[in-house]
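Using our numbering, read the sequence shown as starting at 1 and increasing by one per residue. Down below is the structure, laid out as structure tokens.
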Amino acid sequence: MFTLTRSQSKQVIGGVSILLGLFFFFVIAPNVSSGNSGKPPVIYIDSQTGNVLENFDPRKIPLTNNDQTPFNPSEGKSIKDATDERNAGLQQIQAQQQQQTKGSGLEGRPRPDSKVKATFVSLARNRELYDLLGAIRHVEDRFNRKFNYDWVFLNDEPFTDEFKRVTSSIVSGTAKYGLVPKEHWSYPSWIDQERAAKTRDEMKKASIIYGDSESYRHMCRFESGFFYKHPLMEEYEWYWRVEPGIKIHCDLDYDLFRYMEQNKKVYGFTISLHEYEKTVPTLWKHTKDFIKLHPEHIAENNFMKFISDDNGETFNMCHFWSNFEVASLKFLRSKAYSDYFDYLDQQGGFFYERWGDAPIHSIAVSLFLSKDKIHYFEDVGYNHGPYTQCPLNDDFRANHKCDCKPDIDFTFRGYSCGRQYYDAMGLEKPKEWINYQ
Numbered sequence: 001m002f003t004l005t006r007s008q009s010k011q012v013i014g015g016v017s018i019l020l021g022l023f024f025f026f027v028i029a030p031n032v033s034s035g036n037s038g039k040p041p042v043i044y045i046d047s048q049t050g051n052v053l054e055n056f057d058p059r060k061i062p063l064t065n066n067d068q069t070p071f072n073p074s075e076g077k078s079i080k081d082a083t084d085e086r087n088a089g090l091q092q093i094q095a096q097q098q099q100q101t102k103g104s105g106l107e108g109r110p111r112p113d114s115k116v117k118a119t120f121v122s123l124a125r126n127r128e129l130y131d132l133l134g135a136i137r138h139v140e141d142r143f144n145r146k147f148n149y150d151w152v153f154l155n156d157e158p159f160t161d162e163f164k165r166v167t168s169s170i171v172s173g174t175a176k177y178g179l180v181p182k183e184h185w186s187y188p189s190w191i192d193q194e195r196a197a198k199t200r201d202e203m204k205k206a207s208i209i210y211g212d213s214e215s216y217r218h219m220c221r222f223e224s225g226f227f228y229k230h231p232l233m234e235e236y237e238w239y240w241r242v243e244p245g246i247k248i249h250c251d252l253d254y255d256l257f258r259y260m261e262q263n264k265k266v267y268g269f270t271i272s273l274h275e276y277e278k279t280v281p282t283l284w285k286h287t288k289d290f291i292k293l294h295p296e297h298i299a300e301n302n303f304m305k306f307i308s309d310d311n312g313e314t315f316n317m318c319h320f321w322s323n324f325e326v327a328s329l330k331f332l333r334s335k336a337y338s339d340y341f342d343y344l345d346q347q348g349g350f351f352y353e354r355w356g357d358a359p360i361h362s363i364a365v366s367l368f369l370s371k372d373k374i375h376y377f378e379d380v381g382y383n384h385g386p387y388t389q390c391p392l393n394d395d396f397r398a399n400h401k402c403d404c405k406p407d408i409d410f411t412f413r414g415y416s417c418g419r420q421y422y423d424a425m426g427l428e429k430p431k432e433w434i435n436y437q
């Protein structure tokens, strides 16, 4: 007769438990799964096609187009290989995209597995960090988590460590931080600063929004003529501008940059509206003077009809809202745009009036490009401040998980230039528009 120590007892009990477990797995479980339990059989359905899968065994590792061999642990390859997971994810996105866009006219959109030289760009102050975080989260969740494009952050003051730490932690691409050169955020030598100050006082009395702001004017000048010249932007050919507080309301399962490139587009927007005339009283006069000096820059089949109702005699104030732009940096670096900005800059309207970058971009795009180079992203679902662009088609909103309310879509209402855009472009308005005007 012998006795076991406590340690030996634990070992014996553990061994018996293992033997019982193996007996259940190899003897009892197969009998249960074969139908001896009396329970109804499990039916497996393909989530993509809805078809019943005959003889499907969930214990077997499925094959994919990218891995025609079942997983073999002896090969030393992780079952959660990042490349295979990414490829499988891309296949799923592509399948969903094909299903959701079938019959919608959007079938030609590019696959999400090929990137172009593009970046997001945000001009922001340190104090705007948490408003910007919300905007980044919208863009990442709805789009960039699938494509991982870089993000360039610019500021006229050095970014804080907190700003860099927090923003870099939530972007899926590479985060880059740049300081705006002083010469791009200050008065040029030819500006009479006393005259500029007088303008600000007058606009303040007239209650013109941002009328008394110096920094707003520096921002508009920078966005009009300098952001694309920053060293951090040199490696890119496309940009998507993102401002603090914006929202993206719909899933974007295709690469907007790639779409622009493949379809030979140059400038994309979501919202168009009228400019406040008192902020740009002489902008069109100077534009007409520029046209006389440089008729070579005016494109055939241009989009003059969008910005003028009388063939260029006057400016109707319609412009693309520049807080959302997906556009070509090559265009902004072109001689036509450079000549136009330099000419306007010399006139002093950024400081003697309150010229914004939105009308300047819009006029340049409308005059220097053929109108087929301009694209309206009606599928984004975009909000900035008081204005929202929301897809009007019920099925589209459902398929793309949009969380916007079509009743507040701005496209065909009030101060919008949506009607002018469709008419000038010669496009048929969406059938739902009549209910949302």
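Positions of the beta carbon are idealized from the N, C-alpha and C atoms, including for glycine.
Exercise for review: Determine which residues share a DSSP beta bridge with V121 and list them.
Suggested key: V152, R241
Practice item. Count the other C-beta atoms from every protein chain shown that fall within 10 angstroms of the C-beta of Q68, then say buried if there are 16 or more, exposed otherwise. Key: Because the pLDDT of Q68 is 32, which lies under 50, any placement of that residue in the model is unreliable, and the number read from its coordinates should be weighed accordingly. The residue is exposed, with fewer than 16 neighbouring Cβ atoms inside 10 Å.
Check your understanding: Cα separation between I191 and A197?
Key -> 11 angstroms
Check your understanding: What residue range is occupied by the uninterrupted beta strand (DSSP E) comprising F269?
Key -> 267-269
Point to revise | CA-to-CA distance, D394 to S104, given in whole angstroms | key: Low local confidence applies: a pLDDT of 42 at S104 is under 50, so the model's placement there is unreliable, with the coordinate-based value given in what follows. Going by the C-alpha atoms only, they are around 12 angstroms apart.
Check your understanding: Under the three-state reduction of DSSP, which class applies to L392: helix, strand or coil?
Key -> coil
Check your understanding: On the three-state DSSP scale, how would you describe A319?
Key -> Inspection of the sequence shows that residue 319 is occupied by His rather than by Ala. The answer is strand: DSSP assigns H319 an E or B state.
Check your understanding: From G385 to S416, what does the alpha carbon distance come to, in whole angstroms?
Key -> 14 angstroms
Exercise for review: Given a cut-off of 8 angstroms, decide if F324 and F269 are closer than it, judged by their beta-carbon atoms.
Suggested key: yes
Check your understanding: What does DSSP give as the partner residues of V326 in its beta bridges?
Key -> W240, G268
Exercise for review: Report yes if the CB atom of F120 is closer than 8 angstroms to the CB atom of V152, and no otherwise.
Suggested key: yes
Point to revise | Whole-angstrom distance between G426 and Y177, CA atom to CA atom | key: 42 angstroms
Point to revise | Distance between N311 and A327 (C-alpha atoms, nearest Å) | key: 26 angstroms
Practice item. List the endpoints of the continuous alpha helix (DSSP H) containing I307. Key: 304-307
Exercise for review: Between the Cα of K115 and those of L132, Y130, N144, N126, spot the shortest distance and give me the residue it belongs to.
Suggested key: N144
**Study point:** Close beta carbons around R195, own chain, < 7 angstroms, minus the five adjacent residues each side
**Key:** Y352
**Study point:** The alpha helix (DSSP H) enclosing A299, as first and last residue numbers
**Key:** Run containing A299: none; DSSP gives neither H nor E here.
Exercise for review: Tell me whether K401 is buried or exposed, calling it buried when 16 or more other Cβ atoms sit within 10 Å of its Cβ.
Suggested key: exposed
Practice item. Kindly give me the distance between the Cβ atoms of S272 and C220, rounded to whole angstroms, as I take these residues to be in contact under 8 angstroms. Key: No, S272 and C220 are not in contact; Cβ-Cβ is about 18 angstroms, not under 8 angstroms.
**Study point:** D357 vs E237 beta-carbon contact at 8 angstroms
**Key:** no
Review point. If you run the structure through DSSP and keep just helix, strand and coil, what is A358?
Key: helix
Check your understanding: Pick from F163, L344, F147, Y149: whose alpha carbon is nearest that of R125?
Key -> F163
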